[in-house]
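Participant: Here it is, the structure in full.
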Amino acid sequence: MTNWMWGVSADKQQASSRRTRKMRMSELLRLESAQVHDRQTGKVLLHPVSMSIMAGRSLGIVGESGSAKSLLAKTIMGLLPQSLEAAGSLYFDGGHYDLADGAAMRAIRGTGISLVVQDGMSAFDPMMPIGKQFLETLRVHRGESKQACMQAALACFERLHLTPAEGLWRRYPHQLSGGQLQRMLIAMALLLAPQLIIADEPTTALDVLAQREVMQVLRDVVQERACTLVFISHDIGLVRYLADDVAVMQQGRVVELQPVDALWAAPQHPYTQFLLASRERLSSRFRALMQRNAHAPSA
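Numbering (our numbering), first residue to last: 1350 to 1648.
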């Protein structure tokens, strides 16, 4: 029996639900002294990070460009380029991994941890139809027949408002909009049924309407699947919308980590205070502008 919403067998979904209930509020992932340096220059790009990600919660990672947000995500995934070297330990779902051993991280990529990148166009092969790319990935990770994988994918397309599903299945990446491609990446992540989804600035390249659409999809699927999400963004407002906990990064360091409401109520680090104050100034100007426009005489 296949669950129409996610394309996951009922037995697998029930087992996943039991595991999720057991793990909720328990530690899913822990970093110990995770750091990255440039092999050639020796420059430290990510200073030692030690933190835990709790099962069933959403962690937002926020900071300006160059703060090493995406570098932290790639370190967790074991996707660093050869020019960079990681050190430290990662504990995930009871297993221990040496961050210096990128090959060992392959064991948990996909079905353990999935990454949704910020540029949907670059994530897909432009010379191959979307459907074929889904089949290649799903058959490797799920071990199911072509028909079963296709049925699961089309069901997930429908859930994420990617319609007509069969029509999009046959299209090439350049024939889809930015918002559609981002939802395709989310669909791929969900179909692999990971315990943790890392979304690395998934709305950066989108217009405002597409951003809202993708954000709502992420929020809905996290709630419905009760999965764990790490959401990376330079926009602290988006992070507040999605996150239970927030890590603030500056110049390669995690300078503050708090539950989202506590961070908004009483930010501890000067950089966090600066981010919140800057957002409030922008919001105040916008509200004042809208108020003036509302009272302006019509032509």
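All residues carry an ideal CB built from backbone N, CA and C; glycine is no exception.
1) Tell me which same chain residues have a C-beta within less than 8 Å of the C-beta of R1532, skipping the five on either side of it?
2) Would you tell me roughly how many angstroms separate the C-alpha atoms of R1589 and L1624, rounded to the nearest one?
3) When we look at the beta-carbon of M1470 and count the other beta-carbons within 10 Å, is it buried (16 or more) or exposed?
4) From F1473 to L1587, what does the alpha carbon distance come to, in whole angstroms?
5) Leaving aside the five residues before and after Q1599 along the sequence, list all residues of the same chain whose C-beta is less than 7 Å from its C-beta, in chain order.
6) Taking C-beta to C-beta, are L1541 and G1459 nearer than 8 Å?
7) Can you tell which of Q1467, Q1544, L1408 has its C-alpha closest to the C-alpha of P1551?
8) Where are the alpha helix (DSSP H) runs, 4 residues long or more, that stay fully inside the stretch 1474 to 1532, in chain order?
9) Spell out the partners DSSP gives V1604 in its beta bridges.
10) Would you kindly check if the distance between the Cβ of I1410 and the Cβ of V1570 is under 8 Å?
11) Below 8 Å between beta carbons: does that hold for L1539 and W1518?
12) Under the three-state reduction of DSSP, which class applies to V1597: helix, strand or coil?
13) Return the first residue and the last residue of the alpha helix (DSSP H) that Q1384 is part of.
14) Work out the CA separation of L1487 and E1493 for me, nearest whole Å.
15) Roughly how far, in whole angstroms, is the beta-carbon of Y1440 from the beta-carbon of R1379, given that I think they are within contact range, below 8 Å?
16) Can you name, in chain order, every residue of its own chain whose Cβ lies under 6 Å from the Cβ of G1601, other than the five neighbours on each side?
Facilitator: In brief:
1) L1509, H1510, L1511, E1562, V1563, V1566
2) 12 Å
3) exposed
4) 25 Å
5) G1412, S1416, Y1620
6) yes
7) Q1467
8) 1479 to 1491, 1495 to 1508, 1514 to 1518
9) For V1604, which the question treats as bridged, DSSP gives no partner whatsoever.
10) no
11) no
12) strand
13) Run containing Q1384: none in the alpha helix (DSSP H); it sits in the beta strand (DSSP E), 1376 to 1387.
14) 8 Å
15) 4 Å
16) L1394, L1395, H1396, A1417
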